[in-house]
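In the UniProt record's numbering, the protein residues as written are 1 to 142.
For every residue, glycine included, the Cβ atom is placed at its ideal position computed from N, Cα and C.
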């Protein structure tokens, strides 16, 4: 039986810069940072309140073929690469805190049927959604 999600991959342009961003700015902690053979480095970060889920900070390259790695690099450069969602208990306060630390937001906190949402870019161009959730029903979207 599958018990939980333990690892997700986030493509980044530079593993050192990404690790610093996620740990120093976003409040994650270092997971693993090891060299695995020549030219392949395995770097993970995790949120301290959800340590069972690690985020692999992966530079586009093997095992992707060069065509796919190039497509990922282009998506990162254009800011069209998806990332993941982050939950917060106060979206507006976190928006202010992160803005002061230089995080680039593409959407200020906005009311949505499911809560307050802001959208930001990480240091590699991935978009991240910051949500202060609230209860909702399908009718809230009509």
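Counting along the chain, residue 99 sits inside the alpha helix (DSSP H) bounded by residues 91-100. At least 8 angstroms separates the beta-carbon of residue 58 from that of residue 13. With at least 16 other beta carbons inside 10 angstroms of its own, residue 109 counts as buried.
Residue 124 counts as buried, since no fewer than 16 other beta carbons sit within 10 angstroms of its beta carbon.
Contact between the stretch 16-28 and the stretch 112-121 is absent, with fewer than three C-beta pairs closer than 8 angstroms. Following the DSSP letters along the chain, one finds residue 38 in no alpha helix (DSSP H), marked with neither H nor E. With contacts defined by Cβ atoms closer than 8 angstroms, residue 34 and residue 46 do not form a contacting pair.
For residue 107, DSSP records a beta bridge to 119. Beyond the five residues adjoining it in sequence on each side, residue 15 comes within less than 7 angstroms, by CB distance, of 41, 43, 57, 59 in the same chain, given in chain order. Inclusion of residue 95 and residue 105 in the CB contact set at 8 angstroms is warranted, their separation being smaller than that value. Counting along the chain, residue 54 sits inside the beta strand (DSSP E) bounded by residues 50-58. For residue 70, the uninterrupted alpha helix (DSSP H) segment begins and ends at 66-78.
The beta-carbon distance between residue 132 and residue 88, rounded to whole angstroms, is 5 angstroms. This is short enough to meet the 8 angstroms contact definition. The criterion of a C-beta distance shorter than 8 angstroms is not satisfied by residue 92 and residue 129. Short of 8 angstroms from the beta carbon of residue 90, and not among the five residues preceding or following it, lie these beta carbons of its own chain, in chain order: 132.
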